[in-house]
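Comments concern the structure below.
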Amino acid sequence: MEFKNFISLGYYCNVAASMSRLGIRSQSGPFDWYISDFQGVLDCLENNFGDFLYKENLQECMNGFAIKDVKHNFYLGHEISISFAHDYADIYDKYIRRINFFREQIKQPTCFIRAVRDDNELDFIKSNMEYINSII
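Residue -11 is where the sequence shown starts when you use the working numbering, and the numbers rise one by one after that.
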């Protein structure tokens, strides 16, 4: 199978950065620029991003310079320029654009790339391949 797209499923931002250096990344995706829990990524994919970055799931952290999505266990550290309250609408809109682009890309053969966070995540992947494949 020849892949038309390569998409980061994250763990952290170096996945997207490395894909750019290799020339296989076409645009920012919804999982590129933050630290993510793989189960949270799978939950977002499974519910078609139905509750992605909902304000009620977000908390400011790191003295207001980062955001934590407590539902999906994501940490966004590159998004706030002035304050969470000021920047939220722009951040949300940016991610909706990335999600829409992601949805278009995956209509063609796609290779998903994720850096494995630790041994626990690797064990989870090994034990849940059928579940993971059913989602992606």
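Virtual Cβ for every residue (Gly too), placed ideally from N, Cα, C. Fair warning: this is a prediction, and the values are worked out from it, not measured in the lab.
query, result
"Do you know whose CA, among G11, L10, Q27 and S14, lies nearest N108's CA?", "Q27"
"Which whole-angstrom value is the C-beta distance of I124 and F100, which I expect to be below 8 Å?", "6 Å"
"Under 8 Å between the Cβ atoms of Y119 and F62?", "no"
"Check A154 in the structure and name its three-state DSSP category.", "Here the chain covers residues -11 to 124 and nothing more, so residue 154 does not appear."
"DSSP has E48 in a bridge; who is on the other side?", "I55"
"Since I believe F(-9) is in contact with M7 (beta carbons under 8 Å), could you give me their beta-carbon distance rounded to a whole number of angstroms?", "The pair is not a contact, with the Cβ atoms about 12 Å apart (cut-off 8 Å)."
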